[in-house]
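Presented below is the structure to which this report refers.
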Amino acid sequence: MKQTFHSFIDRFAQTANDIWLKGWAEANAGNISLRLDDSLLPPKNSRRSSKWQPTGPPAQSGRRAGREFPQIAGDCFLISAAGSFLKNFKLSPDENLGVIQIDSEGSNYRVLWGFARNGAPTSELLTHLYIHSVRKKISNGKDKAVIHAHCPALSALTFILPLDDARLTKLLWQMHAECILAFPEGVGFIPWQMPGSSALAEKTAEKLKNFHAVLWQFHGIIAAGPDLDKTLGLIETIEKTCEIYIKAISAGRIKNKLSKKQLLKIADHFRLKPNQKILSQIK
Ligand SMILES: [Zn+2]
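So in the numbering used here the end of the sequence shown lands on 283, straight run, no missing numbers.
Shown next, in the form of structure tokens:
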């Protein structure tokens, strides 16, 4: 069936509802964005165009425009509204969502649809734009979706273990036979940063040059992928593996886990090239 803008909004809202039902989006937590193909833009008679606004605080003082994102210049994004509850996307999409367009220089945006009642894009807009910019380039345009959620097992992990990219990836790969298939490159880790800050946005985008998902200490996860299903599926796999780890340590000491030899066998069977730097640290 051919997708229209409105059928696509329903699909987007369903994904938001699925995240809420999992308990990963309390109150106004979580945000989602998607780079839209031209065929999925709002019908012309439902569009408006607000005045251009900077995409974020200027990188250098004295400049009027926001951050520059030439990779996504002219692109349009469906994105959640600041303060919106994911569970409400289905009830009133035009209040809780909006479509923005980036200008030809990649430094300003305007609203084409949604954000009714004076709404605005999520406070994590800068993070989303940085990620879209990086992932569009690295994936040759394939990656279009970004999802941020507050997954409890993953957050809990950041309170009980010292973590970095390698420690986190090794733990996940060795606790579930399909993790190395789902993320052969690994998962990134960022020590605590202020939510919504430029520092968090920049560090996240830097990590996502090498990974599809990054865990934010004491906060949650953010992931990018080609579509909503694949991106949420990646988060589900990471969170579930973390739950397995926490259940296992709650039941006693971990006595068995996937060995390097077994991980190499899986990688070989599925013709994958896992992150060698991380793999080399597994005994
Ligand atoms: Zn958050």
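Where a beta carbon is used, it is the ideal one built from N, C-alpha and C, also for glycine.
In this text the structure is predicted, and so the values were computed from the model without any measurement.
| query | Pairing CB atoms from the segment 158-169 with CB atoms from the segment 103-115, are three or more of them under 8 Å? | reply | no
| For P152, the three-state DSSP class (helix, strand or coil) | Helix.
| query | In chain order, what residues have a CB nearer than 6 Å to some heavy atom of ligand 1? | reply | A29, H148, H150, P195, H219, G220
| query | Can you list, in chain order, the residues of its chain whose CB lies under 6 Å from that of A205, leaving out five sequence neighbours each side? | reply | Y130, I131, V134
| query | Leaving out the 5 sequence neighbours to the left and right, which residues in its chain are closer than 8 Å to A190 when beta-carbon positions are compared? | reply | Note that residue 190 corresponds to Ile in the displayed sequence, not to Ala. The residues are L200, K203, T204, K207, V214, L215, W216, Q217.
| Which of helix, strand or coil does DSSP assign to N108? | strand
| query | Taking one C-beta from the segment 9-27 and one from the segment 74-90 each time, how about it: are there three or more such pairs within less than 8 Å? | reply | Three or more pairs of CB atoms, one per stretch, sit closer than 8 Å, so the segment 9-27 contacts the segment 74-90.
| query | Helix or strand or just coil, what does DSSP make of P43? | reply | P43 sits in coil when the DSSP states are folded into three classes, being neither helix nor strand.
| Relative to ligand 2, is the shortest distance from any of its heavy atoms to the C-beta of Q101 smaller than 6 Å? | The ligand content of the structure shown is limited to ligand 1, which means ligand 2 is not among them.
| CB-CB length for C242 against L181, believed under 8 Å | That belief does not hold up - the Cβ atoms of C242 and L181 are roughly 17 Å apart, past 8 Å.
| said: Tell me which residue opens and which closes the alpha helix (DSSP H) that G23 is part of. | reply: Looking at the DSSP string, G23 is not in any alpha helix (DSSP H), and its letter there is neither H nor E.
| Buried or exposed by the 16-neighbour rule on C-beta atoms within 10 Å, applied to A251 | So A251 ends up on the exposed side.
| query | Straight-line CA distance for I72 to D38? | reply | One alpha carbon belongs to I72, the other to D38, and they sit about 14 Å apart.
| task | Go ahead and label D165 buried or exposed: buried means 16 or more other beta carbons lie within 10 angstroms of its beta carbon, across all protein chains shown. | result | Classification of D165: buried, given that the 10 Å Cβ count is 16 or more.
| message | Just to confirm before moving on: does the CB-CB distance between L34 and F5 stay below 7 Å? | response | no
| field | Run of the alpha helix (DSSP H) containing Q276, from where it starts to where it stops | value | 276-279
| With distances taken from CA atoms, which of R253, I221, A149 is nearest N28? | A149
| alpha helix (DSSP H) runs contained entirely in the segment 182-255, provided each spans 4 or more residues | 198-207, 228-250
| request: Using 10 angstroms around the beta-carbon of P43, count the other beta-carbons present and answer buried if the total reaches 16, otherwise exposed. | output: exposed
| task | Out of L263, E95, M175, E124, point me to the one whose CA is closest to N118's CA. | result | Nearest to N118 by C-alpha distance, out of L263, E95, M175, E124, is E95.
| Helix, strand or coil: which one does DSSP assign to S50? | Note: S50 maps to coil in three-state DSSP.
| query | What is the residue span of the beta strand (DSSP E) that S133 lies within? | reply | Run containing S133: none in the beta strand (DSSP E); it sits in the alpha helix (DSSP H), 125-138.
| Can you give the Cα-Cα distance for L86 and I32, rounded to whole angstroms? | Cα-Cα distance, rounded: 9 Å.
| query | For the 8 Å Cβ check, are there 3 or more pairs between the segment 264-275 and the segment 44-56? | reply | no
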